[in-house]
Amino acid sequence: MAVALTRRVAARVWLLVSIASAAIAAVLLWMHFSAERTCVASYNGQSTVIGSEYTALGLDHVRENPGVSNDDLLLDAGGIATLIWTADSVNGCRLRLSWVALLPVPFLATCLCALIAQRQFRGTFAARPAAPKTSADAPRVPVYDVFLSYRHTDPDRDHATELLRDLESKGLRVAIDVRDFAPNEHFLSEMERCIKESRFVLCVVTPQYVDSDHCSEEAIISKTLDMAERRKRLVPLIYERVELPVWMHGLVGIDFTDAASVDPIQRLLGLVQSK
Numbered sequence: 000m001a002v003a004l005t006r007r008v009a010a011r012v013w014l015l016v017s018i019a020s021a022a023i024a025a026v027l028l029w030m031h032f033s034a035e036r037t038c039v040a041s042y043n044g045q046s047t048v049i050g051s052e053y054t055a056l057g058l059d060h061v062r063e064n065p066g067v068s069n070d071d072l073l074l075d076a077g078g079i080a081t082l083i084w085t086a087d088s089v090n091g092c093r094l095r096l097s098w099v100a101l102l103p104v105p106f107l108a109t110c111l112c113a114l115i116a117q118r119q120f121r122g123t124f125a126a127r128p129a130a131p132k133t134s135a136d137a138p139r140v141p142v143y144d145v146f147l148s149y150r151h152t153d154p155d156r157d158h159a160t161e162l163l164r165d166l167e168s169k170g171l172r173v174a175i176d177v178r179d180f181a182p183n184e185h186f187l188s189e190m191e192r193c194i195k196e197s198r199f200v201l202c203v204v205t206p207q208y209v210d211s212d213h214c215s216e217e218a219i220i221s222k223t224l225d226m227a228e229r230r231k232r233l234v235p236l237i238y239e240r241v242e243l244p245v246w247m248h249g250l251v252g253i254d255f256t257d258a259a260s261v262d263p264i265q266r267l268l269g270l271v272q273s274k
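Below, the structure is given as structure tokens:
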């Protein structure tokens, strides 16, 4: 809540808050672990809280038995810690072992929230005004609903031709290289243009398509679409069961094989027409 109410605080302040909170949490954790070493002794196999200051009896006993351990002192006292250590120091150790163990939590939370707030400024010590968008940065308005990516061999070409006919019969705008690529432009530049101007990229997946000897489509699609865009816009159309390449991993795709349990065209139309 504090971060939300003070979002305009400079990044330098948030950085200092995070460092200070982390330092306090580290000191408190050190106090807790230090208390575990000095404020706990074993008696009959059970851990017992002891103190840090001796009583007069305890001091005399330590002087008579130099080098005696806390476990042996507690054993000599019959498990009654206040015979060897003062009651105040026992209570102090008990406090260090209980509340001090919980105190680092709010400071660690404060450190985390301060780091989140500081990252809103992109790691700088002052907020930078956003650069005005240029025409090159502005998102393109989609010209096509889908772009078809396929191999120029049979039966892949036949699959693409059939898809083109089915989708356009439903009123969708389809981009395909043989018709929509400008004849006086480079193939890869036209492919990149159609990908950017299409809402979805449909890949006709066959053994020929994933053949490692043909990597132009993989390269241009990976270059044009980042991982987030690939998950949203890239749709594998599985015509034959093959292992998908790395740049398609994690995508479900649509089953166009003979074993498909649902009509793949209707499923594809449901996806494209719903957005």
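Residues 0 to 274 in numbering that gives the first Met the number 0 are what the sequence shown spells out, letter by letter. Backbone N, C-alpha and C define an ideal beta-carbon position, used for all residues, glycine too.
Rounding to the nearest angstrom, what Cα-Cα distance links residue i and residue j in this structure?
i      : j      : result
Phe32  : Val12  : 30 Å
Glu228 : Glu196 : 13 Å
Ala24  : Tyr53  : 30 Å
Leu58  : Phe106 : 38 Å
Leu201 : Val142 : 15 Å
Ala135 : Tyr238 : Low per-residue confidence applies at Ala135: pLDDT is 47, beneath 50, and the placement is therefore not dependable enough to give any value.
Thr256 : Val104 : 55 Å
Gln45  : Glu35  : 14 Å
Leu267 : Gly170 : 14 Å
Thr160 : Val177 : 10 Å
Could you spell out the range, first to last residue, of the beta strand (DSSP E) harbouring residue i?
i      : result
Pro235 : Leu233 to Ile237
Leu72  : Premise fails: Leu72 lies in the alpha helix (DSSP H), Asn69 to Asp75, not in any beta strand (DSSP E).
Thr85  : Unbroken run through Thr85: none, as it is neither H nor E.
Thr47  : Gln45 to Val48
Ser41  : Val39 to Tyr42
Val245 : First-last for Val245: undefined, no H or E at that position.
Excluding the 5 residues flanking residue i on each side, which residues of the same chain have their C-beta closer than 7 Å to its C-beta?
i      : result
Ser17  : Cys110, Ala113, Leu114 and Gln117
Arg62  : none
Ala181 : Glu189
Ser221 : Trp246
Leu163 : Leu147, Val173 and Ile175
Note down, in chain order, each residue of its chain lying with its Cβ closer than 8 Å to the Cβ of residue i, except the 5 sequence neighbours on either side.
i      : result
Glu242 : Val209
Leu250 : Arg229, Arg230, Leu233, Val234, Pro235 and Leu243
Thr152 : Gln207
Ala174 : Val142, Tyr143, Val145, Phe146, Leu147, Cys193, Glu196 and Ser197
Thr85  : Gly50, Glu52, Tyr53 and Thr54
Could you check how far apart the C-beta atoms of residue i and residue j are, in whole angstroms? I think they sit under 8 Å.
i      : j      : result
Ala80  : Leu73  : 6 Å
Asp155 : Val203 : 5 Å
Leu94  : Leu27  : With a Cβ gap of about 12 Å, Leu94 and Leu27 do not count as contacting.
Asp288 : Ala40  : The structure shown does not extend to residue 288, since the chain is modelled only from 0 through 274, so no value can be given for it.
Glu184 : Thr223 : The Cβ separation is near 15 Å, so there is no contact.
Starting from residue i, follow the alpha helix (DSSP H) in both directions and report where the run begins and ends.
i      : result
Ser168 : Asp155 to Ser168
Ala55  : Ala55 to Glu63
Leu270 : Pro263 to Gln272
If we cut at 9 Å on Cβ distances, does residue i have a partner in chain B?
i      : result
Leu201 : Here there is only one protein chain, and chain B is not present.
To which residues of the same chain is residue i closer than 6 Å at the C-beta, ignoring the five residues directly before and after it?
i      : result
Arg150 : Gln207 and Tyr208
Ser273 : none
Asp165 : Ile264
Ile83  : Gly57, Leu72 and Ala76
Val67  : none
Thr37  : none
Report task. Could I get the ranges of all uninterrupted alpha helix (DSSP H) runs contained in the region 165 to 209, with 4 residues as the minimum, in chain order? Result -> 176 to 179 and 186 to 195
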